[in-house]
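Enquirer:
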Amino acid sequence: METKNLGFDTKLIHAGAFEDQFGSATVPIYQTSTFRFKNADHGAACFAGEDDGYIYTRINNPTIDSLENLVAELENGYRGVACSSGMGAVNTIYMALLGQGAHMISTAAVYGPSRVVMEKHYSRFGVEATYLDTCEPENIRKAIRPDTKMIFIETPANPTMDITDLEAVVKIAKEHNLITVCDNTFSSPYLQKPLDFGFDVVFHSITKFLNGHADIVGGIIVTREKELYDILRPMMVILGCNMDPHQAYLVIRGLKTLSIRMDRSQENAIKVADYLEKHPKVKWVRYPGLKSHPQYELAQKQMDGPGGMISFELKGGLEAGKVLMNSVKLAMLAVSLGGVETLIQHPASMTHSKMDKQSRLNSGITDGLVRFSVGIENIEDILNDLDQGLAQI
Ligand code: LCS
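According to my numbering, the sequence shown is numbered sequentially starting from 30.
1) Any heavy atom of the ligand LCS closer than 7 Å to the beta-carbon of N120?
2) Is the Cβ-Cβ distance between V3 and K383 less than 8 Å?
3) Alpha carbon to alpha carbon, what distance is there between I373 and P91?
4) Contact defined as beta carbons within less than 8 Å: I believe L415 pairs with L284. What is the distance between those atoms, to the nearest angstrom?
5) Take F226 and list the residues in its own chain whose beta-carbon comes closer than 6 Å to its own, dropping the five residues that flank it on each side.
6) Could you tell me the boundaries of the alpha helix (DSSP H) in which K149 lies?
7) Give me, in chain order, the residues of the same chain whose beta-carbon lies closer than 6 Å to that of V110; leave out the 5 immediate sequence neighbours on both sides.
8) Report yes if the C-beta of D244 is less than 7 Å from at least one heavy atom of the ligand LCS; otherwise report no.
9) Report buried or exposed for R253, applying the criterion of at least 16 other Cβ atoms within 10 angstroms of its Cβ.
10) Taking Cβ positions, are R87 and G269 nearer each other than 8 Å?
11) Taking I339 as part of the beta strand (DSSP E), name the residues at either end of that continuous run.
12) Counting only runs that start and end within the stretch 344 to 388, where is the alpha helix (DSSP H) found for 4 or more residues in a row?
13) Please go through the same chain and pick out, in chain order, the residues whose beta-carbon is closer than 6 Å to the beta-carbon of T159, but skip the five residues on each side of it.
14) For Q295 versus Q221, is the C-beta spacing smaller than 8 Å?
15) Please determine if the stretch 272 to 286 and the stretch 294 to 308 are in contact, where contact requires at least 3 C-beta pairs separated by less than 8 Å.
16) From which residue to which residue does the alpha helix (DSSP H) around G72 run?
17) Hey, which unbroken runs of the alpha helix (DSSP H) at 4 residues or more fall wholly within the stretch 268 to 338?
18) Could you check the C-alpha separation between G393 and Y140 for me, to the nearest Å?
19) Short check: CB of I208 to CB of L287, under 8 Å?
20) Cβ of I408 within 8 Å of Cβ of K300?
21) Tell me the residue span of the beta strand (DSSP E) that contains H424.
22) Give me the residue from P142, I339, Q329, N105 with the minimum Cα distance to K40.
23) Determine whether the beta carbon atoms of M190 and S356 lie at a separation below 8 Å.
24) Taking H233 as part of the beta strand (DSSP E), name the residues at either end of that continuous run.
25) Does DSSP put M179 in a helix, in a strand, or in coil?
26) Using the C-alpha atoms, what's the distance from G404 back to A420?
27) With 16 other CB atoms within 10 Å as the buried threshold, where does D244 fall?
28) Can you give the Cα-Cα distance for D212 and S234, rounded to whole angstroms?
29) For M124, collect the residues of the same chain with a Cβ closer than 7 Å to its Cβ; drop the 5 residues on either side in sequence, then sort them by chain order.
30) By alpha-carbon positions, which one of I84, Y59, D49, V210 ends up nearest to F66?
31) Rounding to the nearest angstrom, what Cα-Cα distance links D49 and T61 in this structure?
32) Restricting to Cα atoms, I'd like to know which of T136, K312, N297 is closest to G337.
33) Between the Cα of K178 and the Cα atoms of G241, V56, H132, D292, which residue gives the shortest distance?
34) Name the two residues that bound the continuous beta strand (DSSP E) containing E157.
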């Protein structure tokens, strides 16, 4: 069925699906590593690209194809490249689009490993990156050098909730012929579609909101045009960071409820952010739906909702944060985010611990910052849990 002109929620249920010989209502799991060719000429034609038959699951697989087509439609893009993890997507992008002598400009507060792998490893191969506050687009313009190839942003950023102006980034990139990449993990295409603003590439840790059930790790890249897809796809294949068919099946299943999960998570998050902002033990709260967020207006402009992620700092700093994390009972003390269950974690000692302290502080990741991923449980239970936890401080 042609789904291109249908609504977002309808696409979640029907896009990417295909008819199999038995009329299966869901996309079957093609749990196979390889595919039988009809004969020697067919095998040769598949490898030559003259026949679109399946070859080998690292290269292509019907279940994974289905997920790639589905997410590409959600992001209004050309096609998707599914990866074994969000970091698989990050590395596919870096490896495919940068090279020796290339320079990249990126958000200082990107997910820790996206930065660590660049500064620690790509630097060994002559790739350079400048990390800066991309909330101020002029900072990007000033950092552009003759060898700059790419602007890689994350918005809202993990865990500071800093928001970068998508339209402004594209404008600058066009003036200098730079590739634009956006990590859209925190919003999902339900709340933000960077390709619609002119971004070239969008990607996700699919582990998070897209899958939504904390049961797989995965990533996906979507390009706006065929040209970059044709560069990224072979790189994923040769790096070998492909998704597994069973993983793809679970994500297709999880995606069906993306809008209703995001709606509930967001509805809860608005109440949690409000509660925290009024609490006497809380120093500050960063949530795009609060008027106190420094880019509140921008969030209203480019996002269709503030999402389910909140960062906050307690007046008692890290020690108070530890008491809270050890006291909550419903909120699970765990990394990751975007699932149906509420999670709490401490970036400085967990997700961003491999970044050096000064870079962390420069990126706004203070030692006392606590990150809260709001699930879809009953709001009263989430608030009661926070209330009793904060009372222990
Ligand atoms: N981008 C963002 C914004 C992320 O939050 C993560 C993972 C990744 C990329 C990498 O994806 P992965 O390879 O883990 O699928 N974020 C995590 C976090 O905040 N806690 O644990 C993982």
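Glycine included, each C-beta is placed from N, C-alpha and C at the ideal position.
Expert: Once the coordinates are examined:
1) no
2) What the structure shows of the chain is the stretch from 30 to 422, and residue 3 is not part of that stretch, so it cannot be assessed.
3) 36 Å
4) Actually they are not in contact, since the Cβ atoms of L415 and L284 sit about 29 Å apart, beyond 8 Å.
5) L195, E196, V199
6) 141 to 149
7) I250, L261, R262, M265
8) no
9) buried
10) yes
11) 338 to 343
12) 346 to 356
13) I134, A172
14) no
15) no
16) 69 to 77
17) 274 to 284, 287 to 307, 325 to 331
18) 12 Å
19) no
20) yes
21) The requested residue 424 does not occur in the structure, where the chain is confined to residues 30 to 422.
22) N105
23) no
24) 230 to 234
25) strand
26) 22 Å
27) exposed
28) 8 Å
29) M264, L268
30) I84
31) 16 Å
32) N297
33) H132
34) 157 to 161
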